[in-house]
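The opening position of the sequence shown corresponds to residue 1 in full-length UniProt numbering, with each subsequent residue numbered one higher.
For glycine and all other residues, C-beta sits at the position ideal for the given N, C-alpha and C.
Step one of this worksheet: look at the structure below.
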Amino acid sequence: MERVTLRIPKQQIEEVERMVETGEFPNRSEAIRSAVREMLNEQTTDKRQRESTSKRGWAKV
């Protein structure tokens, strides 16, 4: 695994820390990894939907 350094607004980090404190995630790193996985899955799903729609050749209404 590679280390990545990033800047995140204080309010967002506080939200992540609350998730850790309530036991939703074991630590901040895992919470952020989960968010990245979710974003990538969403992007992949969106891309597949766009591709399947464009292959049909139907007009969007």
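- Around V20, the same chain offers P26, N27, R28, A31 as residues with beta carbons nearer than 8 Å, after the five sequence neighbours per side are excluded.
- A direct Cα-to-Cα measurement between E2 and T45 gives close to 25 Å.
- Under the DSSP assignment, E17 falls in the alpha helix (DSSP H) whose first and last residues are 10 to 21.
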